[in-house]
Amino acid sequence: MGLFRKRPRDPARHKTETFEGWWTVVPESPYERVFGKIEWDEFESGDSEIDLFVQVLDLPDGAVVDVVWGDVLVMSVTARKGSISRDLETKDGDDVPRLADQHVELRYQGSVFARAHLVAD
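Each residue of the sequence shown is one higher than the one before, counting from 35 in our numbering.
This is the structure:
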């Protein structure tokens, strides 16, 4: 089973691009291990989505983690039991930036603790 929840497949939605990035801990991080990835997909319809999953066992419940691309806040997610996950989809009205071949960061209380580079899958 993959990292993300299984959603019913819409046969009309065909992916045209898929990029993924695995999280790596930055040297100054207070956390030793970060596991998970971020995916960005684009569909024939022009819709796009971001799937996020991160596990940081030492992250306190209720911690708000920001996903940042350059100076852009992509999303803020609240940790539960050492994990954060979230899906953003343009078809649901979410603002989904194009993250193909981009670097993104995870920040907690303003400090970067992990980075990922999204590459073609």
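C-beta: ideal position from N, C-alpha, C; glycine also.
I need the DSSP call for residue i, collapsed to helix, strand or coil.
i: residue 125; result: helix
i: residue 89; result: strand
i: residue 55; result: strand
i: residue 120; result: strand
Mind checking residue i: buried by the 16 CB within 10 Å criterion, or exposed?
i: residue 82; result: buried
i: residue 68; result: buried
i: residue 113; result: buried
i: residue 154; result: exposed
i: residue 66; result: exposed
i: residue 55; result: buried
i: residue 70; result: buried
i: residue 78; result: exposed
i: residue 135; result: exposed
i: residue 93; result: buried
Tell me, please, which residues DSSP counts as bridged to residue i.
i: residue 149; result: 58, 139
i: residue 111; result: 99
For residue i and residue j, I'd like the C-alpha separation in whole angstroms.
i: residue 121; j: residue 61; result: 28 Å
i: residue 16; j: residue 75; result: Lying outside 35 to 155, the shown extent of the chain, residue 16 is not represented and no answer is given.
i: residue 130; j: residue 80; result: 11 Å
Could you tell me whether the region 140-150 touches the region 95-113, where touching means 3 or more Cβ pairs closer than 8 Å?
yes
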